[in-house]
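A.B. asks:
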């Protein structure tokens, strides 16, 4: 794996382009039921949120879904510990009420160092939404929902070099949600296929076109063939580079140059 020695400069433009993809892609199923975000948007939105008042303005990662089965959207937040050096985070759930207010539940499991992305879906097939949280050290941790808004840590489903963002979709059409994860340290995107009951197996990976950068990903059907694809958006090229990877239906993907916009792969490096 090639690793570059240059660093990314900013992330603001990533969020804009990712949401443009989500907005113009064909409509997708809600994440796990009423009140959820579209499957592609869930992971990307989670890595774009920020705190507005408490926890010393530490950035927050959010996922939205009906976690207690009352038909009203709730919010799960992975809140990193504020400070000069990233530390462990906490998982907090706020249950929605019909009047538009939220009731924050007691914070539960301590997350890994510097949580970086959170997504929700029913990963173990029990009809209740679960969570996967990724952190900068590369841990992908599964939290099983109990149907009341509480989540129980169920261990790591995989260990990568780092986690930037997570996209959730059924990439191989077996009815079980799969995940794709962008990894800036390994300069790759890894696809993990769901094996049922919350288990995953690493199926395939492809290198980032711009090694050493912070790349965000989103899942949507970009060529309208009924199969979820991936878009990789690079934030170190003034937001102007993105590539679309079309799904082959088996957890692998093929680069689609006609749907992508790619500049010089080294344009993100300082000279």
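Residue numbers (my numbering): 440 to 710. Even for Gly, the Cβ is constructed at its ideal location relative to N, Cα and C.
Beta strand (DSSP E) containing residue 598: first to last residue?
C.D. replies: Here the beta strand (DSSP E) through residue 598 covers 590-598.
A.B. asks: Considering only the beta carbon of each residue, do residue 667 and residue 609 sit closer than 8 Å?
C.D. replies: Yes, they are a contact pair.
A.B. asks: Within the continuous beta strand (DSSP E) that includes residue 634, where are the two ends?
C.D. replies: Segment 627-635, the beta strand (DSSP E) holding residue 634.
A.B. asks: Return the first residue and the last residue of the beta strand (DSSP E) that residue 567 is part of.
C.D. replies: No beta strand (DSSP E) contains residue 567, which DSSP labels as neither H nor E.
A.B. asks: Across which residues does DSSP place residue 699 in a beta bridge pair?
C.D. replies: Its beta-bridge partners do not exist; DSSP assigns none.
A.B. asks: Residues in the same chain with beta-carbon distance under 6 Å from residue 695, minus the five sequence neighbours each way, listed in chain order, please.
C.D. replies: Cβ within range, chain order: 683 and 685.
A.B. asks: Buried or exposed: residue 514, going by 16 or more other Cβ atoms within 10 Å of its Cβ?
C.D. replies: When all chains shown are included, residue 514 counts as buried.
A.B. asks: In whole angstroms, what separates the C-alpha of residue 507 from that of residue 701?
C.D. replies: The straight-line gap from Cα to Cα measures roughly 43 Å.
A.B. asks: Any heavy atom of the ligand GDP closer than 7 Å to the beta-carbon of residue 550?
C.D. replies: What this structure holds is no ligand at all, so the ligand GDP is not there to describe.
A.B. asks: Is the stretch 556-566 touching the stretch 623-637, taking contact as three or more C-beta pairs under 8 Å?
C.D. replies: Yes: the two stretches touch, three or more of their Cβ pairs being nearer than 8 Å.
A.B. asks: Answer with buried or exposed for residue 537, where buried requires no fewer than 16 other C-beta atoms within 10 angstroms of its C-beta.
C.D. replies: The residue is exposed, with fewer than 16 neighbouring Cβ atoms inside 10 Å.
A.B. asks: Round the Cβ separation of residue 502 and residue 550 to the nearest angstrom and send it over; I've been treating them as touching at under 8 Å.
C.D. replies: That belief does not hold up - the Cβ atoms of residue 502 and residue 550 are roughly 13 Å apart, past 8 Å.
A.B. asks: Helix, strand or coil, according to DSSP, for residue 655 in the structure here?
C.D. replies: It is a strand residue.
A.B. asks: Apart from the five residues on each side of it in sequence, which residues of its chain come closer than 7 Å, Cβ to Cβ, to residue 680?
C.D. replies: Contacts found: 649, 673, 700, 701 and 702.
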